[in-house]
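Below you'll find the structure, written out as structure tokens, and then a few comments.
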Amino acid sequence: MEVFKNMDISSFLPIAESIAGGAIGAGALKGPLKSLDDWWYYFFGSKTELARQKAELLNAQKLESYKTDIYNEVKNIPPEKLQQPKLDIIGPALEASRYYIDAPELRKMFAKLVASSVDSRKETITRSAFVEFVKQMSPLDAKILSTFVSNSQSNKLPMVKINRKLANNNKIPLKSEVLSFELFSDINERTMIPSAIINLSRLGLVEVTYSEWLSQLDYTKIFSLTPEYDQCTKELQELKSQYQVFSNNGFLSNEQLEGLKTLANSSIELDQGLLTLTSLGKDFTSLCL
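Residue numbers for the sequence shown follow the numbering used here, beginning at 771 and rising by one.
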């Protein structure tokens, strides 16, 4: 097997070592186990090596994109505003960014952080904690913050909580932290928005309130177009249909039927609210987005 002539067994998957308990060189074991590893490499190792080379090439391309992102940020800094990099920013930012090369949204945020470390104009708002913020974010978190930048006239976004309102005026929460469909139309993203908002709130970048709202907006018109509202209304219609069926067939006890009637006679109601960018959030978005 000429193809294996110069191959070092230690570079292969350690099948032999795992079988022999490390005693690869022990007489009769050496030959058969060496052959086993040779064949393993022939069928799997070479493919793994090719995959590794492809991954390295792809990683190199992403690193080049990252360098370009940083360069594009730095070249916009006036020459007289350039300063020596702040080590407490550039060090942690470059170290952490190695693990986020695959996420363009977060990579660009790291690029802006690195560039801010050499920009004297941003010295008063640049914080080393911002590196930790980016590390704890998902691409969706970054996208939510970006909506504040694209809607620059306001640091507030309309948001609702969807409730089932019973006849006695009690409310059953169904959906919370719902943003408009105009801002987020991807259904998969919408299911993760509440947890993303909780994370951003935990970091102190946004605040959630249902005691304030934008009075100039028609919340019902805006949020009746959301898939969350549509789902809740369909569920209510299903409850009404079930009540009609079970009230006539006697399958449910009086107590069960009364409980179903209570739900069927409910209505869908919106709690109007706001998602607000905090002062810390303003500094963060002005620097990283």
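Yeah, the Cβ is synthetic: ideal placement off N, Cα and C, and Gly gets one too.
Query                                                                                                    : Result
Where V884 falls, given that 16 or more other Cβ within 10 Å makes a residue buried                      : buried
Range of the contiguous alpha helix (DSSP H) that encloses E952                                          : Taken as a continuous stretch (DSSP letters only), E952 belongs to no alpha helix (DSSP H), as it is neither H nor E.
Check whether Y989 and P928 have beta carbons under 8 Å apart                                            : yes
Rounded separation between R877 and Y870 - CA only                                                       : 6 Å
CB contact flag (I963, V976, <8 Å)                                                                       : no
Inter-residue CB distance, L1022 and L1030 (contact presumed, cutoff 8 Å)                                : 7 Å
S1011 vs K935 beta-carbon contact at 8 Å                                                                 : no
Beta-carbon proximity list for D858, same chain, < 7 Å, skipping 5 on both sides                         : S898
Buried versus exposed call for G1060 [16 or more other C-beta atoms within 10 Å across all chains shown] : What is shown of the chain runs 771 to 1059, which leaves residue 1060 out entirely.
Residue of C1058, E947, Y1013 and S965 minimising C-alpha distance to G1043                              : E947
DSSP-derived helix/strand/coil call for G974                                                             : coil
Beta-carbon proximity of F918 to F1054, cut-off 8 Å                                                      : no
Distance between L827 and K775 (C-alpha atoms, nearest Å)                                                : Bear in mind that a pLDDT of 45 at K775, under 50, signals an unreliable position, so the model cannot answer this.
Sub-8 Å separation of V904 and L852 beta-carbons                                                         : no
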